[in-house]
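Residue numbers (this note's numbering): 1295 to 1633. No residue lacks a Cβ here, since even glycine has one placed at the ideal position from N, Cα and C. As structure tokens, the structure follows; a few thoughts come after it.
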């Protein structure tokens, strides 16, 4: 058994992703492992024999690439009061949810991995059955870049679960291919490549710490540099490279888009205000539609060449405007500091 304090600055080790069985720890419920009803135990919650109806539950399925942080995400949800089971086979999702619903569980989370070779189709079918039974399943897909996953596995000297007789990259590539179907159905993508455990916690708390209320749409405005690649989890991508680059001004080059001089320079360009106004109008058109369709998480990515000046200033301004319109909006600067 390991404490959360031992996790260190690395988000999620490969060894943590491969731990078998049901999740560990005492958790937010304050009861020791082995106690019926504890979120990390193989003892199911008590069943009311007089109950004939199964009330609908909020269900979150956490899945994604091995080593990307699925189990860490599960522990965050546990701390938020969710009943969490790790490494649950897809076929057991509905039985476990129904057991919980007959007890006192109202928010159920399962961490599911690729140990089943029919994983993707099995999980998609299990989620469809859950929805047909009246529950409210949502999928959180946790992923990371290949080089980050390789570093995490090599630091722990563990084999990838799909590696077999091949290389570590072979295992990661096979898993990505296996996850294609379920990844396309995810409600929330979380790229942990550049996140530490505290940033992952903040992301999930923002999405799920709402005490069972129907959550409003939550927006993340992400700045990035095109030269470092497009963010995989973006719903919308905006290109700010049409604006003059402060990099070519010696007095602005050392600063970034959060500094007042760079912000004023970028937002003071003739094209900046019309661009921001018109794209804000586009967001005002899209967001009500997203809400009607049940979308709860929106990632707006704003890019420039290096992710230091223009994209940072524009991202901060978009977030400010979204908040002024009543949208819960956070800002992340993926590539700030990489130059």
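- Residue 1491 and residue 1388 have their C-alpha atoms some 30 Å from each other.
- By the CB criterion at 8 Å, residue 1624 and residue 1519 fall outside the cutoff.
- The beta carbons of residue 1371 and residue 1354 sit closer together than 8 Å.
- Per DSSP, reduced to three states, the secondary structure at residue 1626 is strand.
- Listed in chain order, the non-local C-beta contacts of residue 1483 below 6 Å within the same chain comprise 1435, 1527, local neighbours out to five positions each way being set aside.
- Residue 1357 places its beta carbon less than 8 Å from that of residue 1417.
- About 6 Å separates the beta carbons of residue 1359 and residue 1469, which is inside the 8 Å limit, making them a contact pair.
- Residue 1611 sits in a helix when the DSSP states are folded into three classes.
- With contacts defined as CB atoms closer than 8 Å, residue 1589 and residue 1511 qualify as a contacting pair.
- Within the same chain, no residue comes within 7 Å of residue 1569 by CB-CB distance, once the 5 residues on both sides are set aside.
- In this structure, the straight-line span from the alpha carbon of residue 1496 to that of residue 1432 is close to 18 Å.
- Counting only runs of at least 3 residues, the stretch 1420–1469 fully encloses the following beta strand (DSSP E) elements, listed from N- to C-terminal order: 1430–1437.
- In this structure residue 1449 is exposed. Its beta-carbon is surrounded by fewer than 16 other beta-carbon atoms within 10 angstroms.
- With a threshold of 16 other beta carbon atoms within 10 Å, residue 1479 falls short and is exposed.
- Look at the beta carbons and you see the stretch 1603–1612 touching the stretch 1540–1547: at least three pairs across the two are nearer than 8 Å.
- Straight-line measurement puts the Cα of residue 1457 at about 6 Å from the Cα of residue 1464.
- By the neighbour-count criterion, in which a residue is buried when 16 or more other Cβ atoms sit within 10 angstroms of its Cβ, residue 1545 is exposed.
- In summary, residue 1407 is buried, with 16 or more beta-carbon neighbours lying within 10 Å of its beta-carbon over all protein chains present.
- Straight across, the Cα-Cα distance linking residue 1612 with residue 1532 is about 11 Å.
- Shortest Cα-Cα distance from residue 1352 to any of 1381, 1390, 1534, 1574 involves 1390.
- When the beta-carbon positions are compared, residue 1349 and residue 1395 come within less than 8 Å of each other.
- Our two residues, residue 1622 and residue 1582, have alpha carbons roughly 14 Å apart in a direct line.
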